[in-house]
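A.B. asks: Below you'll find the structure I mean.
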Amino acid sequence: MAVTTINIKVMSEEIIKPSNPTPKNLRLLQTSLFDHVNSPTLMPLVFFYPKNITTNIDTNEILNRLKRSLSNTLSVFYPLAGRVHDDANYFNCNDEGVPYVHVEVDKPLDIVIRDIDVSQLDKLLPFYGQEGFTKLLLAIKINVFTCGGLAIGVRMSHAISDAFSLVMFVKTWASMANRNNHHTNLGCVLPSFEMWKLFPPSLSLNMYANQNTDLIKDKPITKWFLFCEAKLEDLRSKLLSNTNMNNIDPHSKLPLCSLSMVLSAFLWCRVKVACHNFVNDVPHQTFHAVNLRSRISPSSGRFYYFGNTFVNAIAKLGVVSKNDANRTRDESLMRNFLEQMNESISKILSNDGFIREIKQGSKDLRFVMEHFERESRGEIISLGFSSLRSLPVYEADFGWGKPVWVTSATLMYKNLVILIPAGPSSKDIVAYINLSAKDMAKLESDTEFTSFVSKMIPRINSKL
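Residue numbers (our numbering): 1018 to 1481.
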């Protein structure tokens, strides 16, 4: 099937500022320890909405509502209208504003979401920050298709936000637009920007260490691949059969047994086999982002901590010898991944372990920076994973229905995998894989990998 090429026409460009000025006492926001170790690069997400024939909202009203509600939303998420401070330990909440672009796309939405390539998706996103680090914290692009459907492209800085915070911002913005009212009547949980009080930045860490240009000097190839629930369930059952982990329920909520973790194990195995041939002269490590909010969020549920509230669970994986007659070498490798990752995550989420040590100052996140520095020097081979499957990515209703598709796009870092649900009610997973061109070619030539991948993104049933 031919890949769809899209062309866009810029209709307007402007800066959206908060509807209410940020008070002087809130103009300087300190970074948290977790913000401190994340690079000031922009994370991409695109939310696709078909034209809903059941509403009477015309395109001009939609565009006006989006701008008004964004301005109101920025009064709540006031740091996002600012910039990274010259002193990287702070954010300058100066209401400088958010770049906002409105474009028209020369294709209908249903054609685009069925046939578009990842490289074309980048056209639906604001371009700011693609070439490196940036002080910008948020940028928005509104794309209107020929059918009247639209896509909202969002880039948010990893310096101040993780994926959860990005998704919650969009969900709150949607609630503002849907209710067309002030945030006091939203009925949703609002953000707190006081993570720095719980986890102040470590003075022993170089405040510019998260801007190592060696980490982004090689442009990766980004491609997406669809993995069906049924195949992942079969693989999970196979990996957990005849296991000595008798307390593990394959259908439990333990990270070890989630479909995301099983897919991560499979992808790690295929990259290791196809791209590195089980080479052991360079240590292999993998990391998986772990959301810490369940351990630090207030029990009242009145607010959540906005910002980077995750840490990477790291597993050191060597060559696995085939010493089990009932398992192949690849199965042993995947089980080893699951066992080590489960152990690492369990230590992080321990009630009196990792988080307590950070709060007491007996542990910082130096190991995170050291991991990426070693990778940039070629001392380790690494593959990172981040799953958005537990996040409300399909809940942002601006008044014309929820998105029919949410997607990532090209990322700046190689050796990184983003996992996103394939649709609003789908348990299939789309993996956005970022590798060097050489490694991507090897992976796509691996028959074990290609036989596990579904051939195309599922067709979206929309009201176009």
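Beta carbons are placed, not taken as given, at the ideal position from N, Cα and C, and that holds for glycine.
Measure the Cβ-Cβ separation of SER1086 and ALA1194 and say whether it is below 7 Å.
C.D. replies: Yes, the Cβ-Cβ distance between SER1086 and ALA1194 is below 7 Å.
A.B. asks: Tell me the rounded alpha-carbon separation between THR1467 and VAL1447.
C.D. replies: THR1467 and VAL1447: Cα-Cα distance of roughly 14 Å.
A.B. asks: Where does GLU1566 fall in DSSP's three states?
C.D. replies: For residue 1566 there is no data in the structure shown, the boundaries of the chain being 1018 and 1481.
A.B. asks: Per the DSSP calculation, GLU1121 is bridged to which residue(s)?
C.D. replies: DSSP output for GLU1121 lists LYS1026, VAL1161 as bridge partner(s).
A.B. asks: Whole angstroms are fine: how far does the CA of TRP1190 sit from the CA of ALA1413?
C.D. replies: Looking at the two C-alpha atoms, the distance is approximately 8 Å.
A.B. asks: For SER1178, count neighbouring Cβ atoms within 10 angstroms of its own Cβ and tell me buried if that reaches 16, exposed if not.
C.D. replies: Buried: at least 16 other Cβ atoms inside 10 Å.
A.B. asks: By DSSP, does ILE1437 sit in helix, in strand, or in coil?
C.D. replies: Of the three classes helix, strand and coil, the one that applies to ILE1437 here is strand, per DSSP.
A.B. asks: Are the stretch 1028-1047 and the stretch 1130-1142 touching by the rule of at least three beta carbon pairs closer than 8 Å?
C.D. replies: Short answer: they don't touch.
A.B. asks: Under three-state DSSP, which class holds ALA1176?
C.D. replies: The answer is coil: DSSP assigns ALA1176 none of H, G, I, E or B.
A.B. asks: Look at LEU1284 and LEU1249 and say whether their C-beta atoms are less than 7 Å apart.
C.D. replies: Not closer than 7 Å, so no.
A.B. asks: Spatial neighbours of LEU1271 within its chain, please: CB distance less than 6 Å, with the 5 preceding and 5 following residues excluded, ordered by chain position.
C.D. replies: With a pLDDT of only 45 at LEU1271, under the threshold of 50, the placement of this residue in the model should not be trusted, and no figure is reported.
A.B. asks: Once DSSP output is grouped into helix, strand and coil, what is the label at HIS1102?
C.D. replies: Coil.
A.B. asks: Which term fits VAL1027, buried or exposed, when burial requires 16 or more other beta carbons within 10 angstroms of its beta carbon?
C.D. replies: Exposed, because fewer than 16 other Cβ atoms sit within 10 Å of the Cβ of VAL1027.
A.B. asks: Counting along the chain, where does the beta strand (DSSP E) carrying PHE1402 start and finish?
C.D. replies: First-last of the beta strand (DSSP E) with PHE1402: 1398-1404.
A.B. asks: Cutting at 6 Å between CB atoms, please list the residues of its own chain near TYR1117, excluding the five before and the five after it.
C.D. replies: Excluding sequence neighbours, TYR1117 sits near GLU1031, ILE1033, ILE1157.
A.B. asks: Applying the criterion that 16 or more other CB atoms from any shown protein chain within 10 Å of the CB defines a buried residue, is ARG1172 buried or exposed?
C.D. replies: ARG1172 comes out buried.
A.B. asks: Measuring only the C-alpha atoms, how far is LYS1431 from GLN1137?
C.D. replies: Each residue's alpha carbon lies about 19 Å from the other.
A.B. asks: Quick one: give me the first and last residue of the alpha helix (DSSP H) that LEU1083 is part of.
C.D. replies: That run of the alpha helix (DSSP H) goes 1076-1093.
A.B. asks: Tell me whether PRO1483 sits in a helix, a strand or coil according to DSSP, three-state version.
C.D. replies: Residue 1483 lies beyond the residue range present for the chain, which begins at 1018 and ends at 1481; the question has no answer from this structure.
A.B. asks: Quick one, are the C-beta atoms of LEU1366 and GLY1401 less than 7 Å apart?
C.D. replies: Taking 7 Å as the Cβ cut-off, LEU1366 and GLY1401 do not qualify as a contacting pair.
A.B. asks: Would you kindly report the start and end of the unbroken alpha helix (DSSP H) that includes ILE1331?
C.D. replies: Here ILE1331 belongs to no alpha helix (DSSP H); instead the beta strand (DSSP E) covers 1327-1334.
A.B. asks: When DSSP labels each residue in this structure, what does VAL998 get in the three-state scheme?
C.D. replies: Look at the range of the chain in this structure, 1018 to 1481, and you will see that residue 998 is not part of it.
A.B. asks: Give the single residue among THR1039, SER1049, ILE1128, LEU1043 whose Cα lies nearest to the Cα of PHE1327.
C.D. replies: It is SER1049 whose Cα lies nearest to the Cα of PHE1327.
A.B. asks: By alpha-carbon positions, which one of CYS1274, GLY1418, TYR1322, ILE1372 ends up nearest to MET1351?
C.D. replies: The shortest Cα separation from MET1351 among CYS1274, GLY1418, TYR1322, ILE1372 belongs to CYS1274.
A.B. asks: If you draw a straight line from the C-alpha of PHE1244 to the C-alpha of ILE1437, how long is it?
C.D. replies: For PHE1244 and ILE1437, the distance between alpha carbons rounds to 11 Å.
A.B. asks: Give the secondary structure of THR1058 by DSSP, where H, G and I count as helix, E and B as strand, and everything else as coil.
C.D. replies: Coil.
A.B. asks: Let's see if you can read the secondary structure: which residues bound the alpha helix (DSSP H) around ILE1130?
C.D. replies: ILE1130 -> alpha helix (DSSP H) spans 1126-1132.
A.B. asks: The beta strand (DSSP E) spanning LEU1243 covers which residue range?
C.D. replies: 1238-1244 is the extent of the beta strand (DSSP E) around LEU1243.
A.B. asks: Output yes if chain B places a C-beta closer than 7 Å to the C-beta of VAL1171; else output no.
C.D. replies: Looking at the structure shown, chain B is missing, and only one protein chain is on hand.
A.B. asks: Nearest to GLU1360 by alpha carbon, out of THR1345, SER1349, GLU1374, ALA1330?
C.D. replies: Out of THR1345, SER1349, GLU1374, ALA1330, ALA1330 has the C-alpha closest to the C-alpha of GLU1360.
A.B. asks: Quick check on the burial criterion: 16 or more other C-beta atoms within 10 angstroms. Buried or exposed for ASN1081?
C.D. replies: That one is exposed.
A.B. asks: Compute the Euclidean distance between the alpha carbons of PHE1216 and SER1182, then round it to the nearest angstrom.
C.D. replies: Their backbone Cα atoms lie some 17 Å apart in a straight line.
A.B. asks: Using only CA atoms, which one of GLN1302, LYS1333, ASP1112, LEU1256 lies nearest to SER1399?
C.D. replies: Residue GLN1302 is the option with its Cα nearest to SER1399.
A.B. asks: Throw me the rounded Cβ distance for the PRO1208 and PHE1320 pair, which I believe falls under 8 Å.
C.D. replies: At roughly 7 Å, the Cβ-Cβ gap stays under 8 Å, so PRO1208 and PHE1320 are in contact.
A.B. asks: According to the neighbour-count rule (16 or more other Cβ atoms, all chains shown, within 10 Å of its Cβ), is ARG1310 buried or exposed?
C.D. replies: The residue is exposed, with fewer than 16 neighbouring Cβ atoms inside 10 Å.
A.B. asks: Can you list, in chain order, the residues of its chain whose CB lies under 7 Å from that of GLY1114, leaving out five sequence neighbours each side?
C.D. replies: Excluding positions up to five away in sequence, the list reads ILE1032, ILE1033, LYS1034, ALA1098.
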